Ligand SMILES: [Zn+2]
């Protein structure tokens, strides 16, 4: 046909599904690496990109810079029923650094290849940042109104503790989160395929607590050739070995028990609480997320003492990365103190709460309904994360009940857990499209 004969084509309307991949790629192309030392200026650029995409459809947002370059974006959509509490949907804009030499692609190019978007942040968590943007833009373009107020927050600094992000916002701008009682964010909502007729979607309802502990032993300094029954290095090394080698018993929190029960049922295997390993064997690489949630853990990570071969130092130190189960903080520290003994002191390098909420209520029901509407093979199960997210800050500071819910229907053979902070991080384009459909249903119907 000549151009004159070509039927007039109206350009396809932009939808959340049609633009979510490009929005994700756009954010990946902004290097917002967080080195934890204030360097890495990309957060402001990422926040400005979000602001621009919101402004394009007429959404006004609040920009909060907690320190130069540390940009946060917050906007509220008014719901139709003011009697309902608000829901917070939050995502962090920073990413962990990537060493380009290790990657098959440029980690900051946002390349689409083989049906995946590749790049740092593709799953942690510019995927959700883009899904939030795409759904909000679509609701706005179509003039649809949610039932309750929705607060969207794109924040800085999650990867270094949230001091310039969530913590700053809850401390200095709590009014932005007025009436918020619940939140969704990373890390949950992704699928684990049992067989083509059954996919488990893991929704995060609990997180272990964190205790980075410095152990300090004081002793008598002296010459290395002489008798010394008060050697700080010996005392510390004994304590570190005991803590590091301690066989923490399996302790099933309500969330972990429910998770194991559901997974056993899905795979048709028995649930033996004294031997859950056969169940964990069925979840493949996802064991990275949940393998450490059946007990406390204490891993020695740093040691320090001495300055010369023949001088006994007066002090020796070590750092232990401890992670405790929700509801069992007290017995964790009691045991640690018994293990280190009376001669070794303990200080916190960093201490953060554990979280656990129940897998019930209207929000959970809405998440399940939204998943099932888009994937009839979906069955949602709660799980506990061994790490932590910004949900801890929103809970600790504002009492917000948080869930990990970034809905992604993943290919059965995808090693999703290794994508987090991993080399060749990537996300399937069709998983993002699934995600915006689920989120749209959830945010409108809840
Ligand atoms: Zn993250």
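In the UniProt record's numbering, the protein residues as written are 1 to 446. We treat Cβ as the ideally placed atom computed from N, Cα and C, and that holds for glycine. Just so you know, these numbers come straight off a predicted model, no measurement behind them.
How many Å lie between residue i and residue j at the Cα?
i	j	result
residue 390	residue 207	11 Å
residue 64	residue 355	27 Å
residue 85	residue 119	36 Å
residue 444	residue 388	28 Å
residue 240	residue 224	22 Å
residue 433	residue 211	38 Å
residue 426	residue 379	24 Å
residue 15	residue 29	22 Å
residue 418	residue 327	28 Å
residue 333	residue 164	29 Å
residue 416	residue 188	11 Å
residue 1	residue 12	Here the model assigns residue 1 a pLDDT of 46, short of 50, so the residue's position is not dependable, and the following value carries that caveat. If I take the Cα positions, the gap works out to 21 Å.
residue 246	residue 298	8 Å
residue 3	residue 57	For residue 3, the pLDDT reaches just 49, beneath the cut-off of 50, and the residue's location in the model is therefore unreliable, although a value from the coordinates is still provided. Residue 3 and residue 57: Cα-Cα distance of roughly 33 Å.
residue 366	residue 442	6 Å
residue 60	residue 338	55 Å
residue 399	residue 87	13 Å
residue 35	residue 197	43 Å
residue 18	residue 303	52 Å
residue 301	residue 101	27 Å
residue 360	residue 228	60 Å
residue 290	residue 110	29 Å
residue 55	residue 137	10 Å
residue 420	residue 306	37 Å
residue 121	residue 27	8 Å
residue 363	residue 116	30 Å
residue 437	residue 139	12 Å
residue 381	residue 293	15 Å
residue 191	residue 201	4 Å
Helix, strand or coil for residue i? Go by DSSP, reduced to three states.
i	result
residue 447	The question about residue 447 has no answer, for the chain in this structure spans 1 to 446.
residue 2	The predicted model places residue 2 with a pLDDT of 48, which falls under 50 and marks its position as unreliable; any figure quoted below should be read in that light. Reduced to three states, the DSSP call for residue 2 is coil.
residue 145	coil
residue 382	strand
residue 128	helix
residue 429	helix
residue 214	strand
residue 437	helix
residue 263	helix
residue 410	coil
residue 253	coil
residue 180	strand
residue 279	helix
residue 13	coil
residue 220	coil
residue 39	coil
residue 33	strand
residue 18	helix
residue 366	helix
residue 174	helix
residue 273	coil
residue 122	coil
residue 285	helix
residue 241	helix
residue 442	helix
With DSSP as the reference, identify every bridge partner of residue i, one or two as the case may be.
i	result
residue 154	73, 91
residue 297	323
residue 207	355, 385
residue 404	185, 204
residue 199	193, 378
residue 303	318
residue 117	112, 427
residue 63	73
residue 86	180
residue 311	223
Inter-stretch contact at 8 Å, needing at least 3 Cβ pairs: the segment 333-348 / the segment 215-227: Contact between the segment 333-348 and the segment 215-227 is established, with three or more Cβ pairs separated by less than 8 Å.
Cβ contact check for the segment 76-96 and the segment 121-131: 3 or more pairs under 8 Å: The segment 121-131 and the segment 76-96 touch, with three or more beta-carbon pairs separated by less than 8 Å.
Heavy atoms of ligand 3 versus C-beta positions, residues under 6 Å: Within the structure as shown, ligand 3 is missing, the only ligands being ligand 1.
Every unbroken beta strand (DSSP E) inside the segment 331-358 [3 residues or more]: The segment 331-358 is shown to contain whole beta strand (DSSP E) runs of 3 or more residues at 344-352, in chain order.
Contact the segment 40-48 vs the segment 401-419: 3+ CB pairs below 8 Å: Touching, no, given that fewer than three Cβ pairs across the two stretches are closer than 8 Å.
Any 3 or more C-beta pairs closer than 8 Å across the segment 95-111 and the segment 163-181: Result no; under three Cβ-Cβ pairs closer than 8 Å.
Cβ contact (3+ pairs, closer than 8 Å) linking the segment 260-269 and the segment 282-293: The segment 260-269, when compared against the segment 282-293, does touch it at the 8 Å Cβ threshold.
Contact between the segment 317-325 and the segment 173-186 (3+ Cβ pairs under 8 Å): Fewer than three Cβ pairs drawn from the segment 317-325 and the segment 173-186 lie within less than 8 Å of each other, which leaves the two stretches out of contact.
Inter-stretch contact at 8 Å, needing at least 3 Cβ pairs: the segment 150-166 / the segment 63-82: Flag = yes, the segment 150-166 and the segment 63-82 touch.
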